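All remarks here apply to the structure that follows.
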Amino acid sequence: MAAIETEALTKDFPIGFWRPRPYRALESLTLSVGEGEVFGFLGPNGAGKSTTLKLLMQLLYPTSGTARILGRPVGDVSVKRRLGFLPEHPYFYDYLTSEELLTYFASLFGYHGEDRRRRVAAVLDEVGLGAERRLKLRQCSKGMVQRVGLAQAILNEPEVIFLDEPMSGLDPLGRRDVRQLMLRLRARGCTVFFSSHILADAEALCSQVAILAQGRLRAQGRLSELLAFELKGWELVVSDLAADRRAALESRGVRITHIDHDRCTLELPATPGPEALVHELAGGGARVVSLMPVRDTLEDLFVREVAAGGRRDTEGL
Ligand SMILES: Nc1ncnc2c1ncn2[C@@H]1O[C@H](COP(=O)(O)OP(=O)(O)OP(=O)(O)O)[C@@H](O)[C@H]1O
Ligand SMILES: [Mg+2]
Numbered sequence: 071m072a073a074i075e076t077e078a079l080t081k082d083f084p085i086g087f088w089r090p091r092p093y094r095a096l097e098s099l100t101l102s103v104g105e106g107e108v109f110g111f112l113g114p115n116g117a118g119k120s121t122t123l124k125l126l127m128q129l130l131y132p133t134s135g136t137a138r139i140l141g142r143p144v145g146d147v148s149v150k151r152r153l154g155f156l157p158e159h160p161y162f163y164d165y166l167t168s169e170e171l172l173t174y175f176a177s178l179f180g181y182h183g184e185d186r187r188r189r190v191a192a193v194l195d196e197v198g199l200g201a202e203r204r205l206k207l208r209q210c211s212k213g214m215v216q217r218v219g220l221a222q223a224i225l226n227e228p229e230v231i232f233l234d235e236p237m238s239g240l241d242p243l244g245r246r247d248v249r250q251l252m253l254r255l256r257a258r259g260c261t262v263f264f265s266s267h268i269l270a271d272a273e274a275l276c277s278q279v280a281i282l283a284q285g286r287l288r289a290q291g292r293l294s295e296l297l298a299f300e301l302k303g304w305e306l307v308v309s310d311l312a313a314d315r316r317a318a319l320e321s322r323g324v325r326i327t328h329i330d331h332d333r334c335t336l337e338l339p340a341t342p343g344p345e346a347l348v349h350e351l352a353g354g355g356a357r358v359v360s361l362m363p364v365r366d367t368l369e370d371l372f373v374r375e376v377a378a379g380g381r382r383d384t385e386g387l
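Each residue of the sequence shown is one higher than the last, beginning at 71 in the numbering used here.
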């Protein structure tokens, strides 16, 4: 069974005051996320990521289409208690401390007494909030508030968790902590659906991703399938390359970039392989510092899909 499924999910917002007309923020999104996966929902600003998450959380209602979570229609109360959600801009009553706020949420989830105290302490430890848990939220930094948001999202030990830009506002250490938290959730069998435009996070965490741009799904699948892992070329770093050799290589169309006074990078095509050239250079007195294959990255795919979307859209106008 899929943990999350959407079928032609569409959302129009009315825009304009005197003569409102519909603006399509999400166009016929059909997605399926397997149980226990960490799924990256990627796209540039304004792509429709938060709109999708709000539709899944029923903070918005779709113009058309349907969505199911854990096999039940969204809105099914028995499913809601099995979900966690971190909104894009978490905002809490800020005269409470994080400990007090989470104790209040834990009561809503039905935790009481010693059990509740233990649960609140456990989630605060899990998101890395130490003594700061006794500070009023209005005295907390943005990163701390983000961690409190994460703590409330995992408080009820959810089976499926939705995180809208979980790394936002966090420094590199905070981002690493959140990545580790997401991997721990997955290890416990939780399905993690998170939105981001930070591609490195998706590359580090997800087996599956979807790329959304201008409200439309541009690509979906396993990262290994989406990224053509075929070789694009080679990057060869050499030192002590004689000037006449360099000139000869440049005249053969090899691009050469200087790194410092005696090292430079050579960009070589995928075929033929670099062996013959390495041999030739070594024979001429140059030394090989490193040889690296150049492959497609998630960033290349993202730029390609988003740019392709832009062209398609303007073609239709
Ligand atoms: N309530 C609303 N009324 C009108 N338009 C809206 C509303 N909410 C969102 N939109 C529009 O829908 C589009 C998608 O917005 P959304 O917030 O889903 O994007 P996003 O992918 O989350 O972007 P970001 O990375 O900046 O958070 C945007 O063009 C936005 O202006
Ligand atoms: Mg958003």
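Yeah, the Cβ is synthetic: ideal placement off N, Cα and C, and Gly gets one too. Nothing here was measured: the structure is a model prediction, and the numbers come from that model.
Ligand 1: which residues have Cβ under 5 angstroms from any of its heavy atoms, chain order? Counting every residue whose Cβ lies closer than 5 angstroms to a heavy atom of ligand 1, we get F83, A95, N115, G116, A117, G118, K119, S120, T121.
Excluding sequence positions up to five away, which residues of its chain have a Cβ less than 6 angstroms from the Cβ of L153? Residues P228, V230 of the same chain have their beta carbon placed closer than 6 angstroms to that of L153, with the five preceding and five following residues left out of the count.
Spatial distance of R381 from A283 (CA atoms): Bear in mind that the predicted position of R381 carries a pLDDT of just 46, short of 50, making it unreliable; the figure below should be weighed with that in mind. Distance from the CA atom of R381 to the CA atom of A283, rounded to whole angstroms, is 12 angstroms.
Evaluate A317 with the Cβ neighbour count: other Cβ atoms within 10 Å of its Cβ, from every protein chain shown; 16 or more gives buried, anything less gives exposed. Classification of A317: exposed, given that the 10 Å Cβ count is below 16.
Would you say the beta carbon of D310 is closer than 7 angstroms to some non-hydrogen atom of ligand 2? Every heavy atom of ligand 2 is 7 angstroms or more from the Cβ of D310, so no.
Beta carbon of D234: closer than 7 angstroms to some heavy atom of ligand 2? Yes.
So who's on the other strand from P328, going by DSSP bridges? The amino acid at residue 328 is misidentified as Pro; the sequence shows His. H328 pairs with C334.
Can you give me the Cβ contacts of L336 inside the same chain, cut-off strictly under 6 angstroms, excluding the 5 residues immediately before and after it? The beta carbon of L336 sits closer than 6 angstroms to the beta carbons of L306, V324, I326 from its chain, once the five residues preceding and following it are set aside; these are given in chain order.
Do the CB positions of D234 and S102 come within less than 8 angstroms of each other? At a Cβ-Cβ threshold of 8 angstroms, D234 and S102 do not count as neighbours.
Once you ignore the five residues that flank P52 on each side, which residues in its own chain have a CB closer than 8 angstroms to its CB? Lying before the first or after the last residue shown, residue 52 is absent from the chain, which here runs from 71 to 387.
What are the partner residues of R254, as DSSP defines its beta bridges? Looking at the DSSP assignment, R254 forms no beta bridge with any residue, so it has no partner.
Tell me the rounded alpha-carbon separation between A388 and D195. Beyond the ends of the chain as shown, which are 71 and 387, falls residue 388; an answer cannot be given.
Can you give the Cα-Cα distance for S134 and G118, rounded to whole angstroms? S134 and G118: Cα-Cα distance of roughly 15 angstroms.
Chain-order list of residues whose beta-carbon lies under 8 angstroms from that of E395 (same chain, five-residue window excluded): No answer is possible for residue 395: the residues shown for the chain start at 71 and end at 387.
In whole angstroms, give me the CA-to-CA distance for R94 and T136. When rounded, the distance between both Cα atoms is 16 angstroms.
Same chain only: Cβ atoms within 8 angstroms of A312, ignoring 5 sequence neighbours per side: The answer, listed in chain order, is G354, G355, A356.
In the structure shown, what three-state DSSP assignment does E229 receive? In this structure, E229 counts as coil in the three-state DSSP scheme.
Using only the heavy atoms of ligand 2, determine whether one of them is closer than 7 angstroms to the beta carbon of E337. The answer is no for E337.
In or out: S322 buried (at least 16 other Cβ within 10 Å) or exposed? One point to set straight first is that residue 322 is Arg, not Ser, in the sequence displayed. By the neighbour-count criterion, in which 16 or more other beta carbons inside 10 Å mark a residue as buried, R322 falls on the exposed side.
I need the straight-line Cα distance from Q222 to G106, nearest angstrom please. Cα-Cα distance, rounded: 20 angstroms.
Exposure label - G145; buried when at least 16 CB within 10 Å: With fewer than 16 other Cβ atoms within 10 Å, it is exposed.
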